[in-house]
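Student:
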Amino acid sequence: MSGAALNALAQDRVKGANDKVVLALIGAGGRGTGVILGMLKNNKNVEAKYVCDVNDVRGREAMDGLTKLQGYAPKRISDMRQIFDDKDVDAVQISTPEHWHSVAAVWACQAGKDVYVEKCSSTTIWEGRKLVEAAEKYKRIVQIGTQNRSADYGWSACDYIKSGKLGKLVMVKSYNMLGGGRVRRVPDSPEIPKGLDWDAWLGPAPYVPYNRGIHDMNGRGGWGNFWAYSGGILSDDGSHVIDLARLAMGDPDHPKSVCCVGGNYAFNGERETPEFQSIVYDYGDYVLTFESGNATNYMKKAGGNVRYGKDWPFWPQYSCRTEIYGTEAMMYLGRHGCGWQVYGPDYKKIAEHKGYFPDDAHQKDFIESIRTRKKPNGDPLQGHLGASLVHLGNISYRMGNKQLLFDAKTERFTNSDEANKLLTKEYRTKYAIPQQV
Amino acid sequence: MDAITRRDFLATSGKGMAAAALSGATLNALAQDRAKGANDKVVLALIGAGGRGTQVILSMLKVNKNVEVKYVCDINDKRGAEVMAGLAKLQDYAPKRIKDMRQIFEDKDVDAVQISTPEHWHALATIWACQAGKDVYVEKNCCLTIWEGRKLVEAAEKYKRVVQIGTQNRSADYGYSARDFIKSGKLGKVVLVKSYNLLPPAGGSKRVPDEATPGWLDWDAWLGPAPKVPYNPGRHAGWYDFWDYSGGNLAGDASHVVDLARLALGDPGHPKSVCCVGGNMAFKGERETPELQSINYDYGDFVLTCESGNATPYMKKAGANVRYGKDWPFWPQYACRTEIYGTTAMMYLGRHGCGWQVYGADYKKIDEHKGYFPDDAHQKDFIESIRSRKKPNGDPLQGHLSATLVHLANVAYRVGNKQLLFDAQTERFTNSEEANQLLTKQYRPNYMIPEKV
């Protein structure tokens, strides 16, 4: 990419509060569709000029919805590079599978576009750092889809902890205990489905024959089970929990070490990303633990009554809770509208802050950031630090459930060369992220 | 024969028990191991007359028939009045109040000893007792190192002694019914077991200066196998803060929790690895044993975690209404719970009378088994085991395997919050020579446990 040249053309000037913002959607699946429509609904004078997906079957709902909201139909394209070449476009929304996140986000930055990119924003630690560098170098607004950073409860939890009312923080326990079942491999298909640019779907990932176990024309597909495309459920959903926990902890730097014990010991399935994993991170003066998996079908995410209503989750069986133990009191913290409650002795409630699902707020913040050039909630550095906890846990698992010591400064392991190899990955030439973004 | 042995024993006692230990086989030959009748007299001796020791020995008499205590041994003159008075009332004669446990081992009237000393004496006193042909009740944690625990197992086996560890939950029915429930598959496949021992602040935050040894205390004997150091009131009162005497709160209380968890899991062997992250991160105190530690153990097809410490005053142990009554603990703030996550349901399990409850989706209670505090049952089992020669609940092997979880974590902490890979067969670490050094410890010459017990 002639990124620097393109960047020179980018229009970074501060816009007026109601100036038009032109978006483009890359990845028109369920989440992508929901978010882009939200972008228009929650903000004034925002349009989407493109809907891009390598799968022809997708995008109808987004196209219809956008047409209704903005009075004209976006262009339905399948090559994201068309977007980067169009100087009308201010920003892109990247809602692809994970293996495309960083590559597309870096390309967008190089092309002078602002970026909303879904979590987990990277598939490796190196890639995450490159995204941070690209956002900085090209002075782009890059917002990670960690929407809890646009809710007030994370910040108030952070303030509460900082105030010392929990006492000294000793232990933070995050959970992402989701349901699931046995995953089986299926044979490669002799043909690529009509309407799919499989090579483009694979993008930076190694070329492999089309496989229905990886990709589904009409559904989400099983790419979350493979390292080439994902960090598994730890990155897909755990990333939210751990990002909110980090926020409450005051956004600490990398931990000193990670130790993950995990495996496919729930269903003996054939997935690469583990069915279950239990992780310990050493932060020096407190410990963070994280239990995540697709193994416990009786644990529940928060329902609509919690996300949008006044109900609290039932903490003991709430899949995605974080427990924060101080020397004087404990806090339950929940994402996506839960909020937090603090309990002292005899389960006496000391304080609480109920939240509301913050997707709207995050989308408002993104557009406002584009217009004002302020740092968005969910900025690339915090996205990278949060995503690193996911990657650290996964590399520790992939090394055979081994503890890894991590040097925060160099972002390298000090006790395993083999683990250092997983700090990055091989990219197909056309899709390589350069060392110098 | 008796005289010779006695003379032998006395002759060696000057040089210390290391030498005496060698004559253990001889002593054992004299031991009377035959099964007794259900009501035959059992003569006990108490070693360590602190609060817990006093309570247990009195109960040994109260809950069993025809049990007597011939000796109360403590190297602290201030202790023992309560137990002497209590025993005198229960058995119509006063036990002998002595200071040297070796007197007990010499007395063939004594069938069994109850060892309620600080932890650093547990394994050594137990092995001496086994060598002398005595049966043993020994408090948890039964050993200070993994090697020591193995020696205790070997001694019990070699001398055919009944050795019961004070892990009384093994005499309650809820641990076994939890095991049966899990085995039946009703939780689905177990993926995660989380044990907790989140206790209130305790232990010394500040070191105190050494002092002259008080006249009422035989400090040298109190130290026993531990290195000789000047008398220090902080060490004496707060021995669980120091590695020389204890495995800390993890040994003192979490040992119960993980022992019950192991029982419910069907008593698995050693885990493949341990990783501990801990420190004095709560109060920055000056104790050696950490204020808080977070541990994971890799069992290959599930993971066990344990969080233990003295940092969280709002977490509560079970009260009497739970231990002796029908109330359940309030699980979210119950300090000593174990959560067992299967693929289809989850179990809360609690020690010391709690029992267990199983919940499915929407917190629907699927099954439960309320328990009662099992000290009495454990004491009945001990005396019954002495009489019948059956294997007691809380046998040395399970005691050793459970205690090993404590030691593994402490060693991982002591080498700098590291993960250690453990070979179950050799009971050695495969990735750290530094850690292997902590599999055992130095003993003072008079208090050695020999390689061959």
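Chains as they are written, first to last, in the numbering used here: chain A, 1 to 437; chain B, 1001 to 1453.
Where a beta carbon is used, it is the ideal one built from N, C-alpha and C, also for glycine.
1) Rounded to whole angstroms, what is the Cα-Cα separation between A/Leu389 and A/Trp312?
2) Touching or not, the region 1259–1268 of chain B and the region 1234–1242 of chain B, by the rule of three or more beta carbon pairs under 8 Å?
3) May I ask you to verify whether the region 116–132 of chain A touches the region 45–60 of chain A, counting CB pairs closer than 8 Å and requiring at least 3?
4) Can you name, in chain order, every residue of its own chain whose Cβ lies under 7 Å from the Cβ of A/Gly386, other than the five neighbours on each side?
5) A/Glu352 by DSSP, collapsed to three states: which one?
6) Sort out for me which residues DSSP pairs B/Cys1276 with in a bridge.
7) Identify, in the order they occur along the chain, each residue of the same chain with its Cβ nearer than 7 Å to the Cβ of A/Lys168, setting aside the five sequence neighbours on each side.
8) Comparing C-alpha positions only, which one of A/Asn394, A/Asp379 and A/Tyr283 sits nearest to A/Gly232?
9) How about A/Gln277: is its Cβ closer than 8 Å to a heavy atom in the ligand FMN?
10) To the nearest angstrom, how far is it from the Cα of B/Asn1028 to the Cα of B/Ala1172?
11) For A/Ser369, name the three-state secondary structure that DSSP assigns.
12) 9 Å is my cut-off, CB to CB: does B/Met1347 come that close to chain A?
13) Which residues in the same chain as B/Lys1330 place their Cβ atom closer than 8 Å to its Cβ, once the five residues preceding and following it in sequence are excluded?
14) Quick one: is B/Ala1021 buried, meaning 16 or more other Cβ sit within 10 Å of its Cβ, or exposed?
15) Report all residues from its chain with a CB closer than 6 Å to the CB of A/Tyr50; omit the five preceding and five following residues, and keep chain order.
16) Name, please, each residue of chain B whose Cβ falls closer than 9 Å to the Cβ of A/Ser257.
17) Measure the alpha-carbon distance for A/Leu202 versus A/Val103 and round it to whole angstroms.
18) Tell me which residue opens and which closes the alpha helix (DSSP H) that B/Phe1105 is part of.
19) Examine chain A for any beta-carbon lying closer than 9 Å to the beta-carbon of B/Gln1164, and answer yes or no.
20) Locate the beta strand (DSSP E) running through B/Met1347, then write down its first and last residues.
21) Apart from the five residues just before and just after A/Gly440, which ones in its own chain have a Cβ nearer than 8 Å to its Cβ?
22) Are the beta-carbon atoms of A/Pro193 and A/Met217 separated by less than 9 Å?
23) Since I believe B/Val1277 is in contact with B/Asn1417 (beta carbons under 8 Å), could you give me their beta-carbon distance rounded to a whole number of angstroms?
24) If you draw a straight line from the C-alpha of A/Leu6 to the C-alpha of A/Ala157, how long is it?
25) Would you mind giving the Cβ-Cβ distance between B/Ala1123 and B/Cys1142, rounded to the nearest angstrom? I have them listed as a contact below 8 Å.
26) Between B/Lys1140 and the rest of its own chain, which residues show a CB-CB distance below 6 Å, the 5 nearest in sequence each way excluded?
27) Using the beta-carbon count (16 or more within 10 Å), is B/Trp1216 buried or exposed?
28) Determine, for B/Gly1295, whether the minimum Cβ-Cβ distance to residues of chain A falls below 9 Å.
29) Give every residue of the same chain whose Cβ lies closer than 6 Å to the Cβ of B/Cys1397, excluding the five residues on either side of it in the sequence, and list them in chain order.
30) Take A/Ser396 and list the residues in its own chain whose beta-carbon comes closer than 8 Å to its own, dropping the five residues that flank it on each side.
31) Return the chain-ordered list of same chain residues with a C-beta closer than 8 Å to the C-beta of A/Lys446, the five sequence neighbours on each side being excluded.
32) How about A/Thr424 and A/Ile125: are their beta carbons less than 9 Å apart?
33) In whole angstroms, what separates the C-alpha of B/Arg1179 from that of B/Thr1312?
34) Looking at the C-beta of A/Gly238, does it have a partner C-beta in chain B at a distance below 9 Å?
35) Quick one: grab the DSSP three-state call for B/Phe1382.
36) Which residues in chain B have a C-beta closer than 7 Å to the C-beta of A/Lys402? List them in chain order.
Tutor: Looking at the atomic coordinates:
1) Here the alpha carbons of A/Trp312 and A/Leu389 stand approximately 27 Å from one another.
2) Verdict: no, contact absent.
3) Counting C-beta pairs closer than 8 Å gives fewer than three between the region 116–132 of chain A and the region 45–60 of chain A, which falls short of the contact rule.
4) Within the same chain, and ignoring the five residues on either side of A/Gly386 in sequence, the residues whose Cβ sits closer than 7 Å to its Cβ are Thr146, Ser239, Ile242, Asp243 and Arg246.
5) Look at A/Glu352 here: in three-state DSSP terms it is strand.
6) In the DSSP output, where bridge partners are listed per residue, B/Cys1276 has B/Ile1295.
7) Hits under 7 Å: Gly326 and Thr327.
8) With distances taken between Cα atoms, A/Gly232 lies closest to A/Asn394.
9) Summarising the ligand content, the structure contains no ligands, and the ligand FMN is consequently not present.
10) For B/Asn1028, the predicted structure reports a pLDDT of 44, less than 50, and the residue's modelled location is therefore unreliable. A value from the coordinates is still provided. The alpha-carbon atoms of B/Asn1028 and B/Ala1172 are separated by roughly 32 Å.
11) Here A/Ser369 sits in helix by DSSP.
12) Nearest CB-CB separation between B/Met1347 and chain A: not below the 9 Å threshold.
13) Sequence check: residue 1330 of chain B is Phe here, not Lys. Result list for B/Phe1330: Lys1316, in chain order.
14) Per-residue confidence for B/Ala1021 stands at a pLDDT of 43, beneath the threshold of 50, marking its modelled position as unreliable; no derived number is given.
15) The beta carbon of A/Tyr50 lies closer than 6 Å to those of Ala24, Pro74, Lys75, Ile77 and Ile83 in the same chain, with the five residues before and after it left out.
16) The contacting residues are Cys1275, Val1277, Asn1417, Lys1418 and Gln1419.
17) Spanning the two alpha carbons is a distance of roughly 12 Å.
18) Start and end: Arg1102 to Glu1106.
19) Interface annotation, B/Gln1164: not in contact with chain A, CB-CB separation never under 9 Å.
20) The continuous beta strand (DSSP E) containing B/Met1347 extends over residues Met1346 to Gly1350.
21) The structure shown does not extend to residue 440 of chain A, since chain A is modelled only from 1 through 437, so no value can be given for it.
22) A contact, by the Cβ cut-off of 9 Å.
23) That belief holds up - the Cβ atoms of B/Asn1417 and B/Val1277 are roughly 5 Å apart, short of 8 Å.
24) With a pLDDT of only 46 at A/Leu6, under 50, the local geometry of the prediction cannot be trusted, and the value read off the model is given with reservation. Between the C-alpha atoms of A/Leu6 and A/Ala157 there is a straight-line separation of about 41 Å.
25) Confirmed, about 6 Å.
26) Hits under 6 Å: Ile1165, Gly1166, Thr1167 and Ser1255.
27) Sixteen is the threshold: since fewer than 16 other Cβ atoms of the shown chains lie within 10 Å of the Cβ of B/Trp1216, the residue is exposed.
28) Residue identity differs from the one stated: residue 1295 of chain B is Ile in this sequence, not Gly. Under the Cβ distance rule, B/Ile1295 counts among the residues neighbouring chain A, one pair being separated by less than 9 Å.
29) Per the sequence presented here, residue 1397 of chain B reads as Leu, with Cys not at that position. Closer than 6 Å at Cβ, skipping near neighbours: Val1153.
30) Cβ within range, chain order: Val258, Cys259, Cys260, Ile279, Lys402, Gln403, Leu404 and Ala419.
31) Absent from the model: residue 446 of chain A. The displayed extent of chain A is 1 to 437, so no value can be given.
32) Going by C-beta atoms, A/Thr424 is nearer than 9 Å to A/Ile125.
33) Going from the Cα of B/Arg1179 to the Cα of B/Thr1312 covers about 30 Å.
34) No, its Cβ sits nowhere closer than 9 Å to a Cβ of chain B.
35) In this structure, B/Phe1382 counts as helix in the three-state DSSP scheme.
36) What A/Lys402 touches in chain B: Gln1419.
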